[in-house]
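K.L.:
In this note's numbering, the protein residues as written are 3 to 609.
I have a structure I would like to understand better, so I am pasting it below and will then ask my questions one at a time.
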Amino acid sequence: MTDRSFPPTQFQSFEVKSDPSQVAPRVAQLRAAMKAAGVDAFLIPRADAHRGESVPESDARLAYLTGFTGSAGHALVTADKAALFVDSRYTLQAPAQTDTDVFKIEELAVGSASPVLRDYIAEGATLAYDPWLHTPGEIRTFVDALKGYAKVVPHTNLVDTIWHDRPAAPISPIEFLGHNRAGKTAQDKLTDLRKTLSDENAAAVVLTLPESICWLFNMRGRDVPNTPFVLGFSIVPQSGTPKLFLDEGKITPEIKQALSGIAEIEPVTGFSAALAAFGADANSVLIDPQSAPAAVAETLTNAGVKLIEKRDPILGPKSRKNEVELSGMREAHKLDGVALAKFLHWFDTEAPKGNLTEIGIVTALEAFRREEETCVDASFDTISGSGPNGAIVHYRVTEKTDRRLNPGELMLVDSGAQYLSGTTDITRTLYTGDASAEEKDRYTRVLKGMIAISMARFPVGTSGAVIDVLARQFLWQDGITYTHGTGHGVGHFLGVHEGPIGISSRYTAPLEIGNVLSNEPGYYKAGAYGIRIENLIVVEEAKSFPGYLEFDTITLAPIETRLIDQSLLTTPERDWLNAFHAKVWDEISPRLTGDVKEWLRRATTAI
Numbered sequence: 003m004t005d006r007s008f009p010p011t012q013f014q015s016f017e018v019k020s021d022p023s024q025v026a027p028r029v030a031q032l033r034a035a036m037k038a039a040g041v042d043a044f045l046i047p048r049a050d051a052h053r054g055e056s057v058p059e060s061d062a063r064l065a066y067l068t069g070f071t072g073s074a075g076h077a078l079v080t081a082d083k084a085a086l087f088v089d090s091r092y093t094l095q096a097p098a099q100t101d102t103d104v105f106k107i108e109e110l111a112v113g114s115a116s117p118v119l120r121d122y123i124a125e126g127a128t129l130a131y132d133p134w135l136h137t138p139g140e141i142r143t144f145v146d147a148l149k150g151y152a153k154v155v156p157h158t159n160l161v162d163t164i165w166h167d168r169p170a171a172p173i174s175p176i177e178f179l180g181h182n183r184a185g186k187t188a189q190d191k192l193t194d195l196r197k198t199l200s201d202e203n204a205a206a207v208v209l210t211l212p213e214s215i216c217w218l219f220n221m222r223g224r225d226v227p228n229t230p231f232v233l234g235f236s237i238v239p240q241s242g243t244p245k246l247f248l249d250e251g252k253i254t255p256e257i258k259q260a261l262s263g264i265a266e267i268e269p270v271t272g273f274s275a276a277l278a279a280f281g282a283d284a285n286s287v288l289i290d291p292q293s294a295p296a297a298v299a300e301t302l303t304n305a306g307v308k309l310i311e312k313r314d315p316i317l318g319p320k321s322r323k324n325e326v327e328l329s330g331m332r333e334a335h336k337l338d339g340v341a342l343a344k345f346l347h348w349f350d351t352e353a354p355k356g357n358l359t360e361i362g363i364v365t366a367l368e369a370f371r372r373e374e375e376t377c378v379d380a381s382f383d384t385i386s387g388s389g390p391n392g393a394i395v396h397y398r399v400t401e402k403t404d405r406r407l408n409p410g411e412l413m414l415v416d417s418g419a420q421y422l423s424g425t426t427d428i429t430r431t432l433y434t435g436d437a438s439a440e441e442k443d444r445y446t447r448v449l450k451g452m453i454a455i456s457m458a459r460f461p462v463g464t465s466g467a468v469i470d471v472l473a474r475q476f477l478w479q480d481g482i483t484y485t486h487g488t489g490h491g492v493g494h495f496l497g498v499h500e501g502p503i504g505i506s507s508r509y510t511a512p513l514e515i516g517n518v519l520s521n522e523p524g525y526y527k528a529g530a531y532g533i534r535i536e537n538l539i540v541v542e543e544a545k546s547f548p549g550y551l552e553f554d555t556i557t558l559a560p561i562e563t564r565l566i567d568q569s570l571l572t573t574p575e576r577d578w579l580n581a582f583h584a585k586v587w588d589e590i591s592p593r594l595t596g597d598v599k600e601w602l603r604r605a606t607t608a609i
């Protein structure tokens, strides 16, 4: 198939589909189903079988049962108690969306089992879970937490038995990237993967992450919001033809022809049987215990297969972008730079009037991006936080929370887009009038941290955990910090968040040439304002320094200079900022005209 663009979508919905009044009756139905099945307690995660940041409506079980629409969390329901476990990002959102007479909100660290589990589960009880929605690693945490106290057992999904109007699974168009966009054929990628399997003595690998499957076979889809995923599973043997398991509605003659000689296409309903049949053909299969469903591990183990539990072998190669992918990413940022210049000019004109709202700001930004026909979606729901809302790190504006931006307040906008050529992610803190000395001090310290990462040079083998301190040092000097990571990996027309690399204490994988990451330190004063500045950067070989690496910034939008306390900047920092703005002008101004071009000239003037 030839490359083709996807139909446009509405980038962001501001209506949160949550109805707390439905929580109590749905939980009552679930409890009846649990009683009939002999189940004392049931786990309901937010995740689907593919572990995506976005899930299709057909898999939004946690939202259906609890009303909570956040991107992480799980619920526990027993005969007489219920809890909704969320991390610190959602302690305000969760109680607003659910029925707190039914669910008690419990805060816990991401990926952990709550120490209060035993407050909800009776001794000797049976805790059931859907093995397709939890990883082996997750289940181990629950087993360890309840060891000698309660049993943890797999079960069919009881939420599905009460969800009578459950939406159908998504069946979206599939496109295949030509060499002009992928830079490497699927056959060549498979050859590299088979070499890895040989090195690991693995007869095959089971792939469940859609980003890995899409990258390996050079295909993209629209099965979930924000990310061009095709949902499915794949089995790649060390020798022989890979199998790709898709929803039957997606299997067309054109798809089979496009993958002819590369992979056999089979209905997703046959995936479990294919796993069970492994015992006769293979004695060792590689799975990622942090992403593969527990059902995959259980089925293979029951078939007599030895599991090799290691990180998904696609993640590393996928994160090392080739020159064609990097060229696409750079082009995407030029396109995004044009849209951002138009948006920032519009914002500068309208903000002083005092009529802008958070939703209005998002809508305008989306409109400017939509002017580019190759922009097919947002890469995530835009964070548009005015004044005190900017201090909520993962704030998502809704029709209920929409706030007017008052002149003199800081405005934080974190957004991104999916262009056919690549993925973008950018944050700017915007000026609306006179800022306080404190706000300028904090803004400048954040900027200094962002510049420190941008200018960093480090030995090959260095991880993001090592350089994270460079971004925080100027805030630490004043006894302040931020709680989120400094940076995450970014995919090429794939997920805006991608492993295995990043910049924070939890990212121990070494940074490598071709990695694309975000660089986004911040500062947040609760109830007052939030500051974050974000560019995307590419890891490159350091010029004139063999054995060292450095970053090249690919984001092309001006950084607000009116918020800078210039007395805090060093000469090298000032030189970096001026050089960055000169690059923005050189790359973006030829694509602009009139008032917007004149605005960009002023915005990129050297300080």
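All residues carry an ideal CB built from backbone N, CA and C; glycine is no exception.
May I have the straight-line CA-CA distance separating Thr606 from Arg322, to the nearest angstrom?
P.N.:
Those two C-alpha atoms are separated by around 31 Å.
K.L.:
Can you check which of these residues, Thr555, Ala528, Glu542, Ser546, is closest to Ile535 by C-alpha distance?
P.N.:
The shortest C-alpha separation from Ile535 is found at Thr555.
K.L.:
Under 6 Å Cβ to Cβ from Ala49, same chain only, skipping five residues before and after it: list those, please.
P.N.:
The answer, listed in chain order, is Leu135.
K.L.:
For Arg593 and Val340, what's the separation of their Cα atoms in angstroms?
P.N.:
For Arg593 and Val340, the distance between alpha carbons rounds to 7 Å.
K.L.:
Kindly give me the distance between the Cβ atoms of Phe219 and Leu246, rounded to whole angstroms, as I take these residues to be in contact under 8 Å.
P.N.:
Phe219 to Leu246, Cβ: 7 Å. Contact.
K.L.:
Could you name each continuous beta strand (DSSP E) segment of 3 residues or more that falls completely within the region 103-158, going from the start of the chain to the end?
P.N.:
Here the runs fully enclosed are 106-109, 128-131, 153-156.
K.L.:
Reducing DSSP to helix, strand and coil, say where Ser23 ends up.
P.N.:
If DSSP states are grouped into helix, strand and coil, Ser23 belongs with the helices.
K.L.:
Since Glu368 and Ser388 should fall inside the 8 Å C-beta cutoff, what is the C-beta to C-beta distance between them, to a whole number of angstroms?
P.N.:
About 17 Å separates the two Cβ atoms, so there is no contact after all.
K.L.:
Note down the Cα distance separating Leu1 from Glu325, rounded to an integer number of angstroms.
P.N.:
An answer regarding residue 1 cannot be provided, because it is not within the stretch 3 to 609 covered by the chain.
K.L.:
What number of angstroms, rounded off, separates the C-alpha of Thr4 from the C-alpha of Lys312?
P.N.:
At Thr4 the pLDDT is 29, less than 50, meaning the model places this residue with poor confidence; the figure from the coordinates comes in the next sentence. When rounded, the distance between both Cα atoms is 35 Å.
K.L.:
Sorted by chain position, which residues of the same chain lie with C-beta nearer than 6 Å to Gln31's C-beta, five sequence neighbours on each side aside?
P.N.:
Cβ neighbours of Gln31 beyond the five flanking positions: Ile164.
K.L.:
Less than 8 Å separating the beta-carbons of Ser116 and Phe70?
P.N.:
Against a cut-off of 8 Å, the Cβ pair of Phe70 and Ser116 comes out as no contact.
K.L.:
Of the residues Leu195, Pro354, Phe370, Leu565, which one's Cα is nearest the Cα of Ala437?
P.N.:
With distances taken between Cα atoms, Ala437 lies closest to Leu565.
K.L.:
Quick check on Asn285: buried or exposed, where buried means 16 or more other Cβ atoms within 10 Å of its Cβ?
P.N.:
Looking at its Cβ environment, which holds fewer than 16 other Cβ atoms inside 10 Å, Asn285 is exposed.
K.L.:
For my contact list, Ala278 and Pro244 are in at a C-beta cut-off of 8 Å; report their separation, rounded to the angstrom.
P.N.:
That pair is no contact at about 18 Å.
K.L.:
Check the C-beta distance from Glu360 over to Arg405 and give it rounded, since I have them as a contact under 8 Å.
P.N.:
Right, the Cβ-Cβ distance comes to about 5 Å (below 8 Å), so this counts as a contact.
K.L.:
Between the alpha carbons of Thr573 and Arg224, how many angstroms are there, rounded?
P.N.:
So the alpha carbons of these two residues sit roughly 47 Å apart.
K.L.:
Comparing C-alpha positions only, which one of Leu129, Arg604, Thr229, Thr193 sits nearest to Ala147?
P.N.:
If we check each option's Cα against that of Ala147, Leu129 comes out closest.
K.L.:
Excluding five sequence neighbours on each side, which residues of the same chain lie with their C-beta closer than 6 Å to the C-beta of Asp61?
P.N.:
These residues qualify, in order along the chain: Asp50.
K.L.:
Return the bridge partner residues of Cys377 from the DSSP annotation.
P.N.:
DSSP lists Tyr421 as partners of Cys377.
K.L.:
Where Asp82 and Asp42 are concerned, what is the direct C-alpha to C-alpha distance, given to the nearest angstrom?
P.N.:
Answer to the nearest angstrom: the Cα atoms are 10 Å apart.
K.L.:
Can you tell me which of Thr102, Ile176, Leu519 puts its alpha carbon nearest to the alpha carbon of His499?
P.N.:
Minimum Cα distance to His499 is reached at Leu519.
K.L.:
Within 10 angstroms of the Cβ of Glu177, are there 16 or more other Cβ atoms? Answer buried if so, exposed if not.
P.N.:
Label assigned to Glu177: buried.
K.L.:
Tell me the rounded alpha-carbon separation between Gly356 and Asn408.
P.N.:
Using only the alpha carbons, I get a separation of about 6 Å.
K.L.:
Whose C-alpha, out of Asp21, Tyr92, Glu327, Val145, is nearest the C-alpha of Leu45?
P.N.:
Checked all of Asp21, Tyr92, Glu327, Val145; the closest Cα to Leu45 is Val145.
K.L.:
Evaluate contact between the region 251-260 and the region 439-450, counting only Cβ atoms and requiring at least three cross-stretch pairs below 8 Å.
P.N.:
Flag = no, the region 251-260 and the region 439-450 do not touch.
K.L.:
Suppose the cutoff is 7 Å on Cβ atoms and the five residues either side in sequence are ignored; what does the same chain contact list for Gly318 look like?
P.N.:
Only Pro502 meet the Cβ criterion.
K.L.:
How many angstroms separate the CA atom of Pro47 from the CA atom of His76?
P.N.:
Each residue's alpha carbon lies about 4 Å from the other.
K.L.:
On a CA-only basis, which of Asp383, Gln240, Leu192, His347 is nearest Gly497? Give me that one, please.
P.N.:
Taking only the C-alpha atoms, the option nearest Gly497 is Asp383.
K.L.:
Output yes or no for whether 8 Å exceeds the beta carbon distance between Leu538 and Val492.
P.N.:
A contact, by the Cβ cut-off of 8 Å.
K.L.:
Within the same chain, show all residues whose beta-carbon is closer than 6 Å to that of Arg6, passing over the 5 residues directly before and after it, in chain order.
P.N.:
Reliability of the predicted coordinates at Arg6 is poor, the pLDDT of 36 falling under 50, and no value is obtained from them.
K.L.:
In whole angstroms, what separates the C-alpha of Asp597 from that of Arg183?
P.N.:
The alpha-carbon atoms of Asp597 and Arg183 are separated by roughly 34 Å.
K.L.:
Which same chain residues, not among the five before or five after Gly185, have their C-beta less than 6 Å away from its C-beta?
P.N.:
Closer than 6 Å at the Cβ level, and outside the excluded window around Gly185, lie Asn324, Val326, Glu327.
K.L.:
Give the straight-line distance between the Cα atoms of Ile123 and Asp167, rounded to the nearest whole angstrom.
P.N.:
If you take the alpha carbons of Ile123 and Asp167, they lie about 30 Å apart.
K.L.:
Going by DSSP, what residue range makes up the beta strand (DSSP E) through Asn635?
P.N.:
The chain is shown from 3 up to 609; residue 635 falls before or after that span and cannot be answered.
K.L.:
For His490, which residues from the same chain have a beta carbon less than 6 Å from its beta carbon, with the 5 sequence-adjacent residues on both sides left out?
P.N.:
Only His499, Gly504, Ser520 meet the Cβ criterion.
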